[in-house]
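Peer 1:
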Ligand SMILES: *[C@@H]1O[C@H](CO)[C@@H](O)[C@H](O)[C@H]1NC(C)=O
Ligand SMILES: *[C@@H]1O[C@H](CO)[C@@H](O)[C@H](O)[C@H]1NC(C)=O
Ligand SMILES: *[C@@H]1O[C@H](CO)[C@@H](O)[C@H](O)[C@H]1NC(C)=O
Ligand SMILES: *[C@@H]1O[C@H](CO)[C@@H](O)[C@H](O)[C@H]1NC(C)=O
Ligand SMILES: *[C@@H]1O[C@H](CO)[C@@H](O)[C@H](O)[C@H]1NC(C)=O
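Right, dumping it as structure tokens:
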């Protein structure tokens, strides 16, 4: 026990991070800020007087931001009292290090081919926190019945829709509840997805442009 305390103390000392500061991160640049906050280290708030007051909030486009209350502007601070959007706490209370909001969706998240990938066959994986926050987010399964990598996916509907997939009804299986997207790949509840990925179309056209340019040169 003492040994571990010693290790933790020296880690804090060596890396110049305080063990009672705040997590300071934005999931736009550090996805773990949303999906795995406990794996990140806290940092002291600058020129902090007294105990570290921390905040965690979700912002436009579903990103999660964590930091020191002193950085918040007055208006944001004044309205930071909502367990679905913004919360203030001390380090000891710990809200700044927990999944936020606590009701956030959690889904199986993986992708592979639809025939023999582990994503298609493993239905006992644990659910993980959705990277983008949206109230009432769902879990999904998308199967385009192809052998290419990525043609079978499990995940959070917000992430699929950010890629222009599963937008119209009937292309993906969706469900509510932690880890509910665990159906076998061959389950008849999963529709055949005919919506193509906009990204794929884009990258194909970029590739074609590239080939054309290369050919003309
Ligand atoms: C962080 O804060 C703690 C307590 O407020 C202080 O003891 C420590 O020296 C600070 N660390 C740094 C790197 O400023
Ligand atoms: C924010 O609030 C503090 C304390 O209530 C006040 O001193 C400061 O002037 C306010 N700043 C702005 C920009 O309103
Ligand atoms: C599907 O993916 C698995 C694992 O990623 C691989 O072993 C298998 O060869 C792939 N099948 C096809 C048809 O691409
Ligand atoms: C998916 O593909 C397999 C093999 O390519 C085929 O046997 C099956 O009928 C297809 N399923 C659907 C729903 O089209
Ligand atoms: C689905 O696949 C599983 C295992 O791969 C198999 O045991 C089951 O019979 C299949 N169900 C249907 C409806 O094809």
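In our numbering, the protein residues as written are 13 to 229. Cβ atoms here follow ideal geometry from the backbone N, Cα and C, with glycine treated the same way.
Listed by chain order, which residues have C-beta atoms less than 6 Å from any heavy atom of ligand 3?
Peer 2: Those residues are 124, 125, 127, 128, 129, 159, given in chain order.
Peer 1: Return the CA-CA distance between residue 135 and residue 192, expressed in angstroms with no decimal places.
Peer 2: Here residue 135 refers to the residue found at position 123 when the chain shown is read from its first residue. Here residue 192 refers to the residue found at position 180 when the chain shown is read from its first residue. Spanning the two alpha carbons is a distance of roughly 10 Å.
Peer 1: DSSP beta-bridge partners for residue 67?
Peer 2: As a position in the chain shown, residue 67 is number 55, starting the count at 1. DSSP, once it has assigned bridges, lists 79, 100 as partnering residue 67.
Peer 1: On a CA-only basis, which of 181, 179, 49 is nearest residue 107? Give me that one, please.
Peer 2: Taking the chain shown and counting its residues from 1, the one referred to as residue 107 is at position 95. Residue 49 is the option with its Cα nearest to residue 107.
Peer 1: Rounded to a whole number of angstroms, what is the C-alpha to C-alpha distance between residue 32 and residue 75?
Peer 2: Within the chain shown, the letter at position 20 stands for residue 32. Within the chain shown, the letter at position 63 stands for residue 75. Between residue 32 and residue 75, the C-alpha separation is close to 24 Å.
Peer 1: Identify, in the order they occur along the chain, each residue of the same chain with its Cβ nearer than 7 Å to the Cβ of residue 38, setting aside the five sequence neighbours on each side.
Peer 2: Within the chain shown, the letter at position 26 stands for residue 38. Excluding positions up to five away in sequence, the list reads 45, 75, 77.
Peer 1: The beta strand (DSSP E) that contains residue 123, what's its start and end?
Peer 2: On the chain shown, residue 123 is found 111 positions in, with the first residue counted as 1. Element bounds for residue 123: 122 to 124.
Peer 1: Any idea what DSSP makes of residue 140, helix, strand or coil?
Peer 2: The residue labelled residue 140 in the question sits at position 128 within the chain shown. Residue 140 falls in the strand class under three-state DSSP.
Peer 1: Among 183, 154, 144, which one has its Cα closest to the Cα of residue 41?
Peer 2: Within the chain shown, numbered from 1, the residue matching residue 41 stands at position 29. The shortest Cα separation from residue 41 among 183, 154, 144 belongs to 144.
Peer 1: Using CA coordinates, which residue listed in 177, 91, 159 is at the minimum distance from residue 153?
Peer 2: To locate residue 153, count along the chain shown from 1; it is residue 141. Closest by alpha carbon: 177.
Peer 1: Does DSSP classify residue 193 as helix, strand or coil?
Peer 2: The count along the chain shown starts at 1 and reaches residue 193 at position 181. Coil at residue 193, not helix or strand.
Peer 1: With DSSP run on the structure shown, which of helix, strand or coil describes residue 165?
Peer 2: Residue mapping note: residue 165 aligns to position 153 of the chain shown, counting from 1. Residue 165 falls in the strand class under three-state DSSP.
Peer 1: Any idea what DSSP makes of residue 89, helix, strand or coil?
Peer 2: Start at 1 with the first residue of the chain shown, and residue 89 comes out as number 77. In this structure, residue 89 counts as helix in the three-state DSSP scheme.
Peer 1: How far does the beta strand (DSSP E) with residue 187 in it reach, from first residue to last?
Peer 2: The count along the chain shown starts at 1 and reaches residue 187 at position 175. Residue 187 -> beta strand (DSSP E) spans 185 to 187.
Peer 1: Please report the residue range of the alpha helix (DSSP H) in which residue 158 lies.
Peer 2: By 1-based counting over the chain shown, the position of residue 158 is 146. Here residue 158 belongs to no alpha helix (DSSP H), and DSSP marks it neither H nor E.
Peer 1: Here's the rule: buried if 16 or more other CB atoms are within 10 angstroms of the residue's CB, otherwise exposed. What is residue 201?
Peer 2: What you label residue 201 is simply residue 189 of the chain shown in a count that begins at 1. Result: exposed.
Peer 1: Is residue 131 helix, strand or coil by DSSP?
Peer 2: One-based indexing of the chain shown puts residue 131 at position 119. It is helical.
Peer 1: Do residue 172 and residue 149 have their CB atoms nearer than 7 Å?
Peer 2: Walking along the chain shown from the start, residue 172 turns up at place 160. Walking along the chain shown from the start, residue 149 turns up at place 137. Their beta carbons are not under 7 Å apart, which means residue 172 does not touch residue 149 by this criterion.
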